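Have a look at the structure below before the remarks.
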Amino acid sequence: MFPKDGAAVPEIRFKGFDEKWSTIELAQIADKVNEKNVQNYITETFTNSAEHGIISQRDFFDHDIAKAEKINGYYIVEDNDFVYNPRVSVTAPCGPINCNRLGRTGVMSPLYTVFRTHDIDTLFLEWYFKSSHWYAYMRFNGDSGARSDRFSIKSDLFFKMPIPIPSMEEQHKIGQALQTLNENINLNLQELGKLQSIKKALLEKMFV
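Using my numbering, read the sequence shown as starting at 260 and increasing by one per residue.
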């Protein structure tokens with residue numbers, strides 16, 4: 260649902276949309292967040308996981324890894340802010356970019372890049388970053404650096420990342436469709452888990 264490199268439109272498209280997409284730089288629709296928790300008034304620390312997205316450290320590690328007295332230098336992450344984590348993994352070879360969907364404000368390590376968007380559908384951009392379309396730009400302009408588990412790219416180059424966009428109406432349509440599909444997948448996975456538990460119980464109790 261996103262154009263391939265060099266293409267003006269995607270291969271699959273919703274009916275009623277035929278305009279060519281445009282390409283803009285990330286800096287045109289996003290501002291880097293530099294506000295830090297200098298007063299320590301925010302106490303919850305977030306982490307950005309490739310698998311789980313942005314979650315509380317308490318949920319991910321069972322406790323806060325960051326010490327309360329040391330988070331005054333952490334960036335403030337508001338609801339719907341995006342966060343880039345340079346830590347690479349099999350599922351995030353250039354590091355994950357996720358959106359804060361927790362509905363609350365927290366703080367994150369200055370190792371992360373935090374940015375706040377405008378003039379773009381948040382869901383659309385969120386799903387774009389869940390695709391692999393932006394990897395080529397990152398690989399061309401950055402590298403894994405001295406540490407093989409971390410990706411390195413200069414901030415100015417990161418915000419020059421090209422973002423293909425259609426009209427706001429089509430952005431909204433794409434974002435909502437992918438979100439609904441993902442929610443249906445999660446519901447089916449939950450149902451599958453319940454059925455597997457029932458099967459396990461039956462196997463244990465139906466044989467002597």
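Even glycine gets a Cβ: it sits at the ideal position worked out from N, Cα and C.
Note that the coordinates shown come from a computational prediction; the quantities given were computed from them, not determined experimentally.
Checklist entry - Going straight from the alpha carbon of Lys-341 to that of Leu-384, what length do you get? => result With the sequence shown as reference, residue 341 is identified as Phe, and Lys is not the correct amino acid for it. Between Phe-341 and Leu-384, the C-alpha separation is close to 10 Å.
Next on the checklist: Looking at Ile-351: is its Cβ nearer than 8 Å to the Cβ of Asp-264?
Outcome noted: As written in the sequence, residue 351 is Ala, which differs from the Ile given in the question. Taking 8 Å as the Cβ cut-off, Ala-351 and Asp-264 do not qualify as a contacting pair.
Checklist entry - Taking Cβ to Cβ, would you say Met-397 is nearer than 8 Å to Phe-410? => result The answer is yes: Cβ separation under 8 Å.
Checklist entry - Does the separation of the CB atoms of Asn-344 and Gly-354 fall below 8 Å? => result The criterion of a C-beta distance shorter than 8 Å is satisfied by Asn-344 and Gly-354.
Item to check | Closer than 7 Å: Tyr-371 CB and nearest the ligand FMN heavy atom | outcome: With respect to the ligand FMN, the structure offers nothing, as it holds no ligand at all.
Item to check | Three-state secondary structure (DSSP) of Phe-410 | outcome: Coil at Phe-410, not helix or strand.
Checklist entry - Residue range of the alpha helix (DSSP H) that Thr-439 falls in? => result Judged by DSSP secondary structure, Thr-439 falls within the alpha helix (DSSP H) whose first and last residues are 427-464.
Item to check | Start-end ranges of the beta strand (DSSP E) lying completely within the segment 287-359, minimum 3 residues | outcome: With a minimum length of 3 residues, the continuous beta strand (DSSP E) runs that stay inside the segment 287-359 are 289-291, 305-308, 312-315, 334-336, 341-343 and 356-358.
Item to check | Which listed residue (Asn-447, Thr-306 and Pro-423) has its alpha carbon closest to that of Val-373 | outcome: Val-373 has its Cα closest to that of Thr-306, out of Asn-447, Thr-306 and Pro-423.
Checklist entry - CA-CA distance, Lys-295 and Ile-335? => result Near 6 Å, if we compare the C-alpha coordinates of Ile-335 and Lys-295.
Checklist entry - Quick one: what does DSSP say Arg-375 is sitting in, helix, strand or coil? => result Reduced to three states, the DSSP call for Arg-375 is strand.
Next on the checklist: Counting beta carbon pairs with one atom in the segment 310-319 and one in the segment 450-458, are three or more of them shorter than 8 Å?
Outcome noted: Contact between the segment 450-458 and the segment 310-319 is absent, because fewer than three Cβ pairs lie under 8 Å.
Checklist entry - Taking Glu-303 as the reference, which of Lys-329, Ile-356 and Phe-273 has the closest Cα? => result Nearest C-alpha to Glu-303: Lys-329.
Checklist entry - Does the Cβ of Asn-299 have 16 or more other Cβ atoms within 10 Å, making it buried, or fewer, making it exposed? => result Classification for Asn-299: exposed.
Checklist entry - Leaving out five residues before and five after Arg-346 in sequence, what residues of the same chain have Cβ atoms less than 7 Å from its Cβ? => result Correct list, in chain order: Gly-354, Asp-408 and Arg-409.
Item to check | Of the listed residues Val-268, Thr-376, Asp-290 and Trp-386, nearest to Gly-312 (C-alpha basis) | outcome: Closest option to Gly-312, Cα to Cα, is Trp-386.
Checklist entry - Can you name, in chain order, every residue of its own chain whose Cβ lies under 7 Å from the Cβ of Pro-262, other than the five neighbours on each side? => result These residues qualify, in order along the chain: Val-268, Pro-269, Trp-280 and Pro-423.
Item to check | CB of Ser-426 within 8 Å of CB of Glu-278, strictly | outcome: Yes.
Next on the checklist: Please list the terminal residues of the continuous alpha helix (DSSP H) segment that includes Thr-381.
Outcome noted: Per DSSP, Thr-381 belongs to the alpha helix (DSSP H) from 381-389.
Next on the checklist: Let's see if you can read the secondary structure: which residues bound the beta strand (DSSP E) around Met-367?
Outcome noted: Run containing Met-367: 365-367, per the beta strand (DSSP E) assignment.
Next on the checklist: If you follow the beta strand (DSSP E) that Ile-271 is in, where does it begin and where does it stop?
Outcome noted: Here Ile-271 belongs to no beta strand (DSSP E), and DSSP marks it neither H nor E.
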